[in-house]
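Data block below; observations after.
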Amino acid sequence: MRNVIIQCLLCASVIFGIWIAVFSIYLRYNHVKKQAKIQEKGNPFIWSLGEKLQSKPDSVHIPRAYNVRVERQSEDEPAEPKLLLRLGENFNYSIPELRHGYSTYGFNPIISKNLGHYRNVPDTRNVMCRKKTYPAKLPTASIIICFHNEEFSALFRTLSSIMTLTSQYILEEIILVDDMSDFDDLKEKLDYHLEIFRGKIKLIRNKKREGLIRARMTGASHASGDVLVFLDSHCEVNKVWLEPLLNAVAKDPKMVVCPLIDVIDYLSLEYQPSPIVRGAFNWHLEFKWDHVFSYEIEGPEGPTTPIRSPAMPGGIFAISRHYFNEIGQYDKGMNLWGGENLELSLRIWMCGGQLYVIPCSRVGHINRQHLTNHSEVIKAMEYNNLRLVHTWLDEYKEQYFLRRPALKSAAYGNISERVELRKRLGCKSFQWYLNTIFPELEASEIIS
Numbered sequence: 001m002r003n004v005i006i007q008c009l010l011c012a013s014v015i016f017g018i019w020i021a022v023f024s025i026y027l028r029y030n031h032v033k034k035q036a037k038i039q040e041k042g043n044p045f046i047w048s049l050g051e052k053l054q055s056k057p058d059s060v061h062i063p064r065a066y067n068v069r070v071e072r073q074s075e076d077e078p079a080e081p082k083l084l085l086r087l088g089e090n091f092n093y094s095i096p097e098l099r100h101g102y103s104t105y106g107f108n109p110i111i112s113k114n115l116g117h118y119r120n121v122p123d124t125r126n127v128m129c130r131k132k133t134y135p136a137k138l139p140t141a142s143i144i145i146c147f148h149n150e151e152f153s154a155l156f157r158t159l160s161s162i163m164t165l166t167s168q169y170i171l172e173e174i175i176l177v178d179d180m181s182d183f184d185d186l187k188e189k190l191d192y193h194l195e196i197f198r199g200k201i202k203l204i205r206n207k208k209r210e211g212l213i214r215a216r217m218t219g220a221s222h223a224s225g226d227v228l229v230f231l232d233s234h235c236e237v238n239k240v241w242l243e244p245l246l247n248a249v250a251k252d253p254k255m256v257v258c259p260l261i262d263v264i265d266y267l268s269l270e271y272q273p274s275p276i277v278r279g280a281f282n283w284h285l286e287f288k289w290d291h292v293f294s295y296e297i298e299g300p301e302g303p304t305t306p307i308r309s310p311a312m313p314g315g316i317f318a319i320s321r322h323y324f325n326e327i328g329q330y331d332k333g334m335n336l337w338g339g340e341n342l343e344l345s346l347r348i349w350m351c352g353g354q355l356y357v358i359p360c361s362r363v364g365h366i367n368r369q370h371l372t373n374h375s376e377v378i379k380a381m382e383y384n385n386l387r388l389v390h391t392w393l394d395e396y397k398e399q400y401f402l403r404r405p406a407l408k409s410a411a412y413g414n415i416s417e418r419v420e421l422r423k424r425l426g427c428k429s430f431q432w433y434l435n436t437i438f439p440e441l442e443a444s445e446i447i448s
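Heads up, the sequence shown is in UniProt numbering, so the first residue is 1 and it goes up one at a time.
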């Protein structure tokens, strides 16, 4: 009896060992197969980065994620997993790196580093957009990205998403303008990593701090593509994002177009879809997103219909290179950033152009929460808004000064060149803009 029991135990041990071996082989095969699929989906340039990083001794260590979970999208969307990164209730908000990241970058640097240099984001386009086709022959694009002390991983995800999700035949180049960054990882380390994009990226380093507005003008002056596409340095583009923009500009070179801007949460860096909205502003000259009238998307094109927009957001739009130069580029007298988007929006509408949001183009953007040198930015925005007010608002500038009386006698520099530009372009009055493009603003004249 004892021998029988021993033999049974031996047999069970052998069977268990065989089962463990088979299960280990299965897990290994499944892992390799998944990695192969990921690499097939990604751009080969992106994945060659892994080999280069392994050979670099001082590569940055990427910490593990906090409360990572994978969630399936709804049934009417592709079965691609949606990565959600959340900070749990027990997350230690006193971590020095997190506090430093918020004060320096305006978002969570820990999760940003964990995400690395590329990730798959959910396809947030409407189902009708996914069925649209575009001409084989489209204008080429020069994508201009300016940065100053940007968080490295966020900047590189911006570049990687463009290279992975943009058809190479329409991508003329990416022009990176470093506006005198101080951080070490944006110098030699950035140069090293950009080698995988050799031939597609031009890197320009300003010798003094110019501010976003003049840095963008520098980038545009080096561009050779048919269309200029301006992006912020903390974006992630979505699938088939560029073709809808280029197609709209190809049909009308005086049409300036913006994608729908999806939200990348500043805390969790979760990619969240945006509803269909248009750009607007109030009498304080503060940009805001506005609801779209239902009748605008009730036509045959439905939710794929381009939406007329009174204003553009600050960082993300596409414009014909020749039209950008013809219409006067940016106001180079403006400082740092702020107000340039509204000034350009008014100039486009009042001087014979059009401004639209293209719902079938989606770009994710981190809405940063904190800024360094906050007082300097506020001072620049007030100065820039005054230049806009005195050049474009005509008698309606009094609406602005009713709300900002302290600025009525403030200096705003020499605007004679911009006033002359308005005359040369034969621009309409601000009253025309209110009547034709944005009557809701005039209706809100009551001080708020």
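We put the CB at the ideal spot given by N, CA and C, even for glycine.
Item                                                                                                                  : Value
Sequence-distant residues of its chain with Cβ nearer than 8 Å to P44 (five each side left out)                       : Residue placement at P44 is poorly supported in this model, since its pLDDT is 32, which falls under 50; the coordinates still yield a value, given next. For P44, where only same-chain residues beyond five positions count, there are no Cβ hits under 8 Å.
From L336, H374, T164 and R278, residue whose alpha carbon lies closest to that of Y118                               : T164
Spatial neighbours of P57 in its chain, beta-carbon cut-off 7 Å, leaving aside the 5 residues before and after        : Low local confidence applies: a pLDDT of 32 at P57 is under 50, so the model's placement there is unreliable, and no value is given.
Cβ shell of E442 (< 6 Å), same chain only, five flanking positions each side left out                                 : L434
Spatial distance of S294 from L355 (CA atoms)                                                                         : 19 Å
6 Å Cβ shell around residue 449 - same chain, five flanking residues per side excluded                                : Look at the range of the chain in this structure, 1 to 448, and you will see that residue 449 is not part of it.
The beta strand (DSSP E) enclosing F152, as first and last residue numbers                                            : From DSSP, F152 is part of no beta strand (DSSP E) but of the alpha helix (DSSP H) over F152 to L165.
Beta-carbon proximity check, C129 vs P359, cutoff 8 Å                                                                 : yes
6 Å Cβ shell around I348 - same chain, five flanking residues per side excluded                                       : V256 and L355
Boundaries of the beta strand (DSSP E) in which P359 is found, first to last residue                                  : Q354 to I366
Residue environment, N414, which counts as buried when at least 16 other CB atoms sit within 10 Å                     : exposed
Cα-Cα separation between G211 and H284, rounded to whole angstroms                                                    : 22 Å
Alpha-carbon spacing of R403 relative to A410, whole angstroms                                                        : 14 Å
Euclidean distance between Cα positions of G42 and Y412                                                               : Reliability of the predicted coordinates at G42 is poor, the pLDDT of 39 falling under 50, and the value obtained from them is presented with this limitation in mind. Each residue's Cα considered, the two are about 48 Å apart.
Residues of its chain near Y383, where Cβ-Cβ distance is below 7 Å and the 5 sequence neighbours each way are ignored : N335 and Y412
Cβ-Cβ separation, A154 to S181 (assumed contact under 8 Å), whole Å                                                   : With a Cβ gap of about 13 Å, S181 and A154 do not count as contacting.
Nearest-angstrom beta carbon gap, C235 and I175 [assumed within contact, 8 Å]                                         : Wrong, their Cβ atoms sit about 15 Å apart, outside the cutoff.
Candidates L269, E172, R205 and T218, of which the one nearest F197 by Cα                                             : E172
C-alpha gap between I144 and I319, whole angstroms                                                                    : 12 Å
Three CB pairs or more closer than 8 Å across the stretch 272–284 and the stretch 295–314                             : yes
Beta carbon of V227 nearer than 8 Å to that of P139                                                                   : yes
Segment contact, 8 Å Cβ cut-off, at least three pairs: the stretch 241–255 with the stretch 384–395                   : no
Cβ-based burial, A133 [other Cβ within 10 Å; buried from 16]                                                          : Before going on, a small fix: residue 133 reads as Thr here, not Ala. T133 should be labelled exposed.
6 Å Cβ shell around L425 - same chain, five flanking residues per side excluded                                       : C351
Residue span of the beta strand (DSSP E) that contains E236, given as start and end                                   : C235 to V237
C-beta contact flag for S160 and G225 at 8 Å                                                                          : no
First and last residue of the uninterrupted beta strand (DSSP E) at W289                                              : F287 to H291
Supposed close pair W289, V363 - CB separation, criterion 8 Å                                                         : At roughly 14 Å, the Cβ-Cβ gap does not stay under 8 Å, so W289 and V363 are not in contact.
S444 to E398 span [Cα, whole Å]                                                                                       : 14 Å
Exposure label - R214; buried when at least 16 CB within 10 Å                                                         : buried
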